[in-house]
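Residue numbers (UniProt numbering), protein chains in the order written: chain C, 1 to 212; chain V, 1 to 561. Input: a single structure, listed below in structure tokens.
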Amino acid sequence: MSVKKKADLKVIILGDYDVGKTSLICRYINGKFQKQESTVGAAFFFKPWGPYNIAVWDTAGDERYSGLSHFYCRSAGAAILAFDLNIPKTFESLWARFGSILDAANEDCLKIVVGTKSDVLDESTRDVSAEEGRKLALELNPDLDQAYVEMAGAPYFETSALKDENVTEMFEYIFQRCLPLSPEQHNRFKGKKSTIDLLEDSTEGPNRKKCC
Amino acid sequence: MATDHREAEQLVNTSDSDLQEAEFVETNEAPGRCDSAVFAKTDDLDDLTLNITNGVIQNHRGTITSLIRKRSKRSNTPRDQETDADLTNNSNPSEQDIANSIEQSELSSELSEDEDVKNGLEDLSLQDTESAPEEAPSVTLIPSASESDYVNSLEWKQQKKHIFILSESGKPIYSRHGSEDKLVTIMGVMQALVSFVQDNKDNLRSIVAGDHTFVFMNRDHLTFVGITRGRESTQQMLLQLTYMYNQVISVLTHSALTRIFKQHRNCDLRRPLSGSEKFFDNLLNLMDVEPGLLLTSVRCLPLDSSVRDIVSQTIVQHAKVKDLVFALIIAQNQLVALVRMKRYYLHPMDLHLIINLINASESFKAAESWTPICLPKFDAGGFLQAYVSYLDEECQTCLLLLSVDIEAFYTLSECCTKIKERLNRYNALTAISNSLQRHSYSVQQCSIGDLRHFLYKARSTAQYTSPELGPPYNTPDQQDRLFGLYHFLHDKVHSVSRPLKLLYHVGQYETLLGWVTQGFELYAVFGPLVTKNIAIHAVNKLLRWIKREEDRLFILSSVTF
Chain C
1 MSVKKKADLK VIILGDYDVG KTSLICRYIN GKFQKQESTV GAAFFFKPWG
51 PYNIAVWDTA GDERYSGLSH FYCRSAGAAI LAFDLNIPKT FESLWARFGS
101 ILDAANEDCL KIVVGTKSDV LDESTRDVSA EEGRKLALEL NPDLDQAYVE
151 MAGAPYFETS ALKDENVTEM FEYIFQRCLP LSPEQHNRFK GKKSTIDLLE
201 DSTEGPNRKK CC
Chain V
1 MATDHREAEQ LVNTSDSDLQ EAEFVETNEA PGRCDSAVFA KTDDLDDLTL
51 NITNGVIQNH RGTITSLIRK RSKRSNTPRD QETDADLTNN SNPSEQDIAN
101 SIEQSELSSE LSEDEDVKNG LEDLSLQDTE SAPEEAPSVT LIPSASESDY
151 VNSLEWKQQK KHIFILSESG KPIYSRHGSE DKLVTIMGVM QALVSFVQDN
201 KDNLRSIVAG DHTFVFMNRD HLTFVGITRG RESTQQMLLQ LTYMYNQVIS
251 VLTHSALTRI FKQHRNCDLR RPLSGSEKFF DNLLNLMDVE PGLLLTSVRC
301 LPLDSSVRDI VSQTIVQHAK VKDLVFALII AQNQLVALVR MKRYYLHPMD
351 LHLIINLINA SESFKAAESW TPICLPKFDA GGFLQAYVSY LDEECQTCLL
401 LLSVDIEAFY TLSECCTKIK ERLNRYNALT AISNSLQRHS YSVQQCSIGD
451 LRHFLYKARS TAQYTSPELG PPYNTPDQQD RLFGLYHFLH DKVHSVSRPL
501 KLLYHVGQYE TLLGWVTQGF ELYAVFGPLV TKNIAIHAVN KLLRWIKREE
551 DRLFILSSVT F
């Protein structure tokens with residue numbers, strides 16, 4: 001632990017106040033949902049993914065912290081642009097507020113548009129259509145080629161941190177795109193779960209000893 | 001109840017002339033004294049008031065800029081210079097953004113409407129005359145009253161202390177109780193009162209109406225209003241309002257605040273402040289229970305000096321990083337260790353803001369954080385960057401590293417890992433958590449009969465110590481009353497018109513002794529039947545006890561990088 005692990009990919013999450021950025025991150029990192037307080041400044045998470053180390057910056061949505069944005073955007077490999085599916089204004093902010101902030105990120109930075117709180121979304125009164133979301137996602141990523149989009153889908157997800165819907169899928173999409181695994185690596189790491197199920201029959205018992 | 005009590009009290013002696021001074025150990029050796037100050041020397045209340053009337057913070061202006069300039073001189077590589085430029089401007093674009101994005105919106109209710117003013121005045125006068133606080137419970141039980149009903153309810157009017165922040169144009173910014181949205185009218189009245197007096201080239205300072213004291217403070221286009229029916233004096237309320245002002249600065253910086261109002265005189269400051277309400281609320285709650293804010297001094301976690309040395313040496317060794325100004329460890333609102341850059345001091349008022357930051361926010365417990373914070377006494381013009389991380393699983397011991405370099409996060413994160421490792425190796429974290437579990441010390445440990453509680457402040461180090469609250473002060477009501485007694489005693493001793501060295505006061509339920517010297521301030525609470533002689537003996541004994549324990553109770557050596 002004494003030598004700082006080097007991060008292979010820096011992921012940041014942006015979005016208006018109270019759209020559920022921290023809940024999304026915590027759902028992925030800790031695997032559970034809990035009520036979050038508003039984030040102060042920016043919080044840093046570290047997560048291994050396969051052979052790689054992922055650094056995740058969870059940021060505060062309050063405008064008064066925008067002075068920090070240069071710092072965490074610099075050399076970001078992927079940016080999650082989160083908005084609340086139930087509040088159209090938060091979707092508009094993605095363009096208006098965060099588009100320019102991302103200039104500091106890597107040139108090939110992958111931008112993922114993510115709608116949150118899909119569990120409380122009422123389809124009949126819905127203001128931001130999935131089509132609009134997908135459109136924005138493609139506009140933000142001009143260098144994403146057509147073939148890739150057809151294969152993997154557009155970088156647009158509708159998630160629920162509460163019900164754990166599409167959260168892991170969204171992160172997997174990022175990592176598959178930014179840190180493609182070789183087939184060999186894929187076999188080694190893909191099957192392994194990031195959390196250990198104590199009730200599950202331990203089939204990889206002998207392997208576990210190697211863990212240091 | 002409170003009034004009865006106050007009347008029943010009888011001032012037996014308010015000056016030291018009748019007392020045989022010889023009986024007091026007149027020492028220069030005030031326990032907890034230290035020549036190399038750990039903190040910036042604390043302001044006396046008088047200094048503070050002077051500061052308030054001047055209306056501007058003058059000390060340490062531009063400290064951060066000078067630190068940054070020093071840095072750019074030191075390193076001449078192009079890359080660094082680039083980041084330097086980045087940093088000097090760093091706060092500017094953001095503040096600009098904030099200021100620009102603030103829409104000019106009209107005050108929803110016009111002040112000039114007589115109707116509203118009249119209503120507001122009625123509200124105010126109602127508040128003055130209500131005099132049966134004990135009847136409240138029946139009202140407090142109505143839970144689902146809407147916000148607008150709430151601010152008209154008896155419960156709202158009977159709150160013990162109200163704090164309001166409004167802009168010069170009368171726009172609500174903050175209210176401690178009830179949503180400030182619903183208080184437009186009453187805030188309009190407050191602003192009307194303030195401007196009416198200002199028209200005559202004068203300043204409205206306070207109004208006393210029955211049980212209530214209304215205190216007004218104008219600073220940087222903001223009006224702070226404090227209304228209390230507790231025992232706080234006008235001076236003490238001003239100090240509390242100053243803390244509130246400092247909290248505003250801590251979020252925005254003084255430069256941003258002035259710029260915002262320069263651009264839009266009637267802007268809605270709630271937007272740039274959004275998300276920081278919890279800091280204001282928490283600060284006010286702290287002020288109600290934490291004597292350190294009243295005494296502008298800091299409580300240290302009782303710790304063997306050997307352990308404390310290990311902690312501060314660990315910080316010095318592992319956090320010797322460029323541009324790191326302050327490194328501190330805080331555990332449950334108490335200071336464990338502080339290491340500072342040479343020539344720079346941390347003011348206790350700034351430290352209270354830091355403690356408030358940690359105390360008010362759960363979000364630091366989840367992960368390492370990086371956040372800007374402005375320390376008004378250190379430099380009101382700019383932000384320091386704070387690295388915040390808890391060192392233990394239980395999230396009790398918190399490490400803060402304050403730097404002027406916005407890029408320093410990863411370096412500081414490494415420092416934190418090393419510090420944690422070494423503190424664990426020397427069992428220092430266990431020692432800290434043991435000390436936390438022991439809850440400070442009980443007054444019985446001083447083995448002085450009749451002494452119920454005390455506050456002792458070492459003036460040169462701006463630190464204070466006090467035992468935990470035991471019976472009869474084990475209920476919130478009684479604690480509140482005790483805190484009121486301390487406010488009373490503190491006010492009498494520090495009275496602007498007649499400051500006292502010594503006050504012996506016999507009340508209905510307890511006898512109080514306040515004693516202020518060059519080196520310390522002591523506020524002691526005895527049982528009601530204690531005689532003057534016994535009290536004097538007791539405090540002498542107490543001073544000897546504190547002297548014996550000073551290594552444990554105070555941080556006596558100031559450690560620098």
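A virtual CB, placed ideally from N, CA and C, is assigned to each residue, including glycine. Everything numeric in this text was worked out from a predicted model, so none of it was measured.
query                                                                                                                    : result
Nearest residue (CA-CA) to Ser442/V, options Gly470/V, Gln334/V, Leu436/V and Cys398/V                                   : Gly470/V
Proximity below 8 Å, CB of Gly381/V to CB of Ser255/V                                                                    : yes
Three-state class that DSSP yields for Val167/C in the structure shown                                                   : helix
Of the residues Phe71/C, Tyr156/C and Leu179/C, the one placed nearest Ala104/C, counting alpha carbons only             : Phe71/C
Asn90/V, DSSP secondary structure in three states                                                                        : Model confidence at Asn90/V stands at a pLDDT of 42, short of 50, so the residue's coordinates are unreliable and nothing is read from them.
Bridge partners - Ala42/C, DSSP secondary structure assignment                                                           : Thr59/C and Trp370/V
Residue from Leu193/V, Arg219/V, Gln159/V and Ser169/V whose Cα sits closest to the Cα of Gly178/V                       : Gln159/V
Pro165/C versus Leu9/C, Glu150/C, Lys32/C and Ser69/C, residue with shortest Cα-Cα distance                              : For clarity, residue 165/C is Glu in the given sequence; the question names Pro instead. Selected option, being the one with the closest Cα: Lys32/C.
Leu252/V to Thr475/V span [Cα, whole Å]                                                                                  : 38 Å
Cα-Cα separation between Ile25/C and Ser169/V, rounded to whole angstroms                                                : 41 Å
Alpha-carbon spacing of Ala386/V relative to Leu502/V, whole angstroms                                                   : 42 Å
C-beta atoms of Leu81/C and Ile101/C nearer than 8 Å                                                                     : no
Short CB-CB distance (under 8 Å) between Arg271/V and chain C                                                            : yes
Interface residues of the segment 274-294 of chain V facing chain C [CB-CB below 8 Å]                                    : Ser274, Gly275, Ser276 and Lys278
When Val311/V, Ala462/V, Ile354/V and Thr65/V are compared against Ala428/V, the one with the closest alpha-carbon       : Val311/V
Burial state of Trp95/C, where buried means 16 or more other Cβ atoms lie within 10 Å                                    : exposed
Gly99/C: contacting residues in chain V (beta-carbon distance under 9 Å)                                                 : Ordered by position in chain V, no residue passes the 9 Å Cβ test against Gly99/C, which lies about 14 Å from the chain.
Proximal chain V residues relative to Tyr17/C, where beta-carbon distance stays under 9 Å                                : Ser274 and Gly275
Within chain D, partners of Val316/V - CB distance below 9 Å                                                             : The structure shown contains no chain D; its protein chains are C and V.
Interface residues of chain C facing Ser361/V [CB-CB closer than 9 Å]                                                    : Glu37, Ser38, Thr39 and Val40
The segment 40-55 of chain C contacting the segment 360-379 of chain V, beta-carbon criterion three pairs below 8 Å      : yes
Residues near Phe46/C in its chain [Cβ-Cβ closer than 8 Å; skip 5 each side]                                             : Lys5, Ala7, Asn53, Ile54, Ala55 and Val56
9 Å Cβ cut-off: residues of chain C touching Ile406/V                                                                    : Gly67, Leu68, His70 and Phe71
Close Cβ partners of Met320/V (< 7 Å) along its chain, the five nearest in sequence each way excluded                    : Checking the displayed sequence, the identity of residue 320/V turns out to be Lys instead of Met. For Lys320/V, where only same-chain residues beyond five positions count, the Cβ hits under 7 Å are Phe561.
Nearest-angstrom Cβ-Cβ length linking Val336/V and Ile419/V, presumed shorter than 8 Å                                   : So it is not a contact: roughly 12 Å between Cβ atoms.
Under 7 Å by beta carbon: chain V residues contacting Asp62/C                                                            : Ser274 and Gly275
Bridge partners - Tyr523/V, DSSP secondary structure assignment                                                          : Leu455/V and Gly514/V
Proximity to Ala137/C [Cα-Cα], best of Ala60/C, Pro155/C and Ser124/C                                                    : Pro155/C
Neighbourhood of Leu67/V by C-beta distance below 6 Å, restricted to the same chain and skipping five residues each side : Val404
Opposing strand residues paired with Arg299/V [DSSP bridges]                                                             : Tyr464/V
Classification of Arg219/V by the beta-carbon crowding that lies within 10 angstroms, buried from 16 upward              : buried
Through-space distance from Asp392/V to Lys541/V, alpha-carbon basis                                                     : 38 Å
Chain C within 8 Å of Glu110/V, Cβ atoms only                                                                            : Reliability of the predicted coordinates at Glu110/V is poor, the pLDDT of 37 falling under 50, and no value is obtained from them.
Three-way DSSP call (helix, strand, coil) for Lys32/C in this model                                                      : coil
Contacting residues, own chain, Cβ-Cβ under 6 Å from Val388/V (five flanking each side not counted)                      : Phe364, Ser369 and Leu400
Buried or exposed (CB count within 10 angstroms, at least 16 for buried), Ala152/C                                       : exposed
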